[in-house]
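A short write-up of the structure that comes next.
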Amino acid sequence: MNFSLPACKVSASALCSLPRLLNSGLVSWSWRKEHIAESEMEIDLGEMPFNMAFHPSDHLVAAALITGDLHLYRYGADSTSQKLLEVKAHSESCRAVRFINGGQAIITGSKDRSILATDIETGTAIARLEDAHEDAIYSLINVTESTIATGDDQGCMKVWDTRQRTCCNSFTAHEDYVSDMTYVQTRSEFSEEELLSVVIMKNGRKVICGSQDGTLLLYSWGFFKDCSDRFVGLAPNSIDCLLKLDEDRVIAGCENGLISVVGILPNRVIQPLAEHSEYPIERLGFSHDRKFLGSISHDQMLKFWDMDELLQSDDANNTQEDQGDASEDDDGEGMDVDMNPPKSKKGTKRKNVQNGSSSGNTSAAFFSDM
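So, in structure tokens, the structure goes:
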């Protein structure tokens, strides 16, 4: 039986497969410290951030903090960053943040299971939904200009329509926390790897997943029974976040604090871009004009990296030999999903929360004041 939910989102852990043997032999690589760029700007957030998001058309960036606070800053290469808002958004950690309504509002999700929409001009609450999920909210993304999706600690995902001001879909596809989401209309088989991040590349023909053991899993679109390729060039450091640079390159943030550009088909580490700190990279993002790459980590710093400077040394001398099969893989098989897969390993980043109950009426009432 195939799993299909058109116009919805499915998380990274949905893109799973049965394990495959790695190619024998590993290719080593090294980098010199002078190749690592210095950050263009830094903002001391004062507390550990969980998430960050850039405004879609202005020099603004929002940060979600472990204290439940929401910060909004104006940044500029030629000026000191300015804190515009500091809002006590949630009673527990604020785990997810995105701009909505063309950048007029910020939406956040929390461990306290609530969703909050905040006006960026005044900092006042536009709408708040208590008990939006039965469990703590872990992730939140934009689907379209008027649709968002949220995922929680128990694998439940909800899709919200901000124009109709309702929860338009809710489904549980996982047995663990929803670490990341992107556009997917099907589900793969179970994977023993703990998948943490996901992007779609090669003009929609490849789905790339980052795992806890540092392996990149490549899936061919329409053939999700098993991954078509694996790349272990970043192992053993977990790949905590992925950011698509273009159709052939992805930026990876790892638990060792390194930010690297990785080529996809051929698979290679093109170059290490930056070193945020010795702590894991929690989130990466581009500014609206793609001039800056933003990163956050456990050092309480939001750092901005100049993209022109980062990519200027992107040449053949900093490449790694391909790992695994670099050809466009055609699995030759259709989707064959086990609807009762074995239980996955519990995520090391899992948040301990108490189960509750969500109300359909409160979900429908969200965004009523927006």
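Start counting the sequence shown at 1; every next residue gets the next number (UniProt numbering). Where is the CB? At the ideal position from N, CA and C, for every residue including glycine. Given the structure is predicted, the values throughout are model-derived calculations rather than measurements.
Residue i versus the options, residue with shortest Cα-Cα distance
{"i": "N203", "options": "E47, L140, S191, S220", "result": "S220"}
{"i": "C227", "options": "A235, L218, L234", "result": "L218"}
{"i": "H174", "options": "M157, R283, E134, E38", "result": "M157"}
{"i": "H71", "options": "M301, Y177, L311, Y138", "result": "M301"}
{"i": "G214", "options": "T124, S197, E145, A105", "result": "S197"}
{"i": "L216", "options": "A64, H55, R249", "result": "R249"}
{"i": "I270", "options": "D176, F231, Y75", "result": "F231"}
{"i": "K111", "options": "V178, T80, A235, F286", "result": "V178"}
{"i": "D246", "options": "D299, R128, V261, G155", "result": "V261"}
{"i": "K244", "options": "L293, G109, L45", "result": "L293"}
Supposed close pair residue i, residue j - CB separation, criterion 8 Å
{"i": "V199", "j": "L242", "result": "5 Å"}
{"i": "G68", "j": "A89", "result": "6 Å"}
{"i": "I251", "j": "L273", "result": "7 Å"}
{"i": "G102", "j": "E145", "result": "7 Å"}
{"i": "N237", "j": "C209", "result": "Incorrect: roughly 15 Å between the Cβ atoms, too far for contact."}
{"i": "P49", "j": "A64", "result": "6 Å"}
{"i": "D153", "j": "D135", "result": "4 Å"}
{"i": "F54", "j": "F223", "result": "That belief does not hold up - the Cβ atoms of F54 and F223 are roughly 34 Å apart, past 8 Å."}
{"i": "G151", "j": "D176", "result": "Not really, about 11 Å apart at Cβ, beyond 8 Å."}
Cβ neighbours of residue i in the same chain (closer than 6 Å, five flanking residues each side left out)
{"i": "I107", "result": "R98, I100, A117"}
{"i": "R205", "result": "W221"}
{"i": "V159", "result": "C8, A149, C168, N169"}
{"i": "G123", "result": "L85, V87"}
{"i": "E130", "result": "S114"}
{"i": "A14", "result": "Below a pLDDT of 50, predicted positions are generally treated as unreliable, and A14, at 39, falls in that range; no measurement from the model is reported."}
{"i": "E283", "result": "The amino acid occupying residue 283 in the given sequence is Arg; Glu does not appear at that position. Cβ within range, chain order: N51, M52, C241, I296."}
{"i": "T147", "result": "D161"}
Identity of the residues DSSP links to residue i by a beta bridge
{"i": "H71", "result": "A63, E86"}
{"i": "Y219", "result": "V207"}
{"i": "P53", "result": "It should be pointed out that residue 53 corresponds to Ala in this sequence rather than to Pro. Answer by DSSP bridge pairing, in chain order: A62."}
{"i": "A136", "result": "Answer is none; A136 lacks a bridge partner."}
{"i": "G151", "result": "S139, M157"}
Sequence-distant residues of its chain with Cβ nearer than 7 Å to residue i (five each side left out)
{"i": "S327", "result": "At S327 the pLDDT is 43, less than 50, meaning the model places this residue with poor confidence and gives no usable figure here."}
{"i": "H276", "result": "G257, I259, S295, S297, K303"}
{"i": "Y75", "result": "M41, H59, V61, S81, F304"}
{"i": "I66", "result": "E47, M48, F50, S93"}
Same chain, Cβ closer than 8 Å to residue i, neighbours up to 5 away in sequence not counted
{"i": "K291", "result": "A77, D306, M307, D308"}
{"i": "R163", "result": "S146"}
{"i": "P56", "result": "F99, G102, G103, H288"}
{"i": "E42", "result": "M301, L302, K303, F304"}
{"i": "A105", "result": "F99, A117, T118, D119, I120, I126, M370"}
Contact test: residue i Cβ vs the ligand SAM heavy atom, cutoff 6 Å
{"i": "E282", "result": "Summarising the ligand content, the structure contains no ligands, and the ligand SAM is consequently not present."}
Next item on the list: Taking only runs that begin and end inside the region 244 to 323, name each unbroken alpha helix (DSSP H) of 4 or more residues, in chain order.
Entry: The alpha helix (DSSP H) runs lying completely inside the region 244 to 323 and spanning 4 residues or more are 307 to 311, given in chain order.
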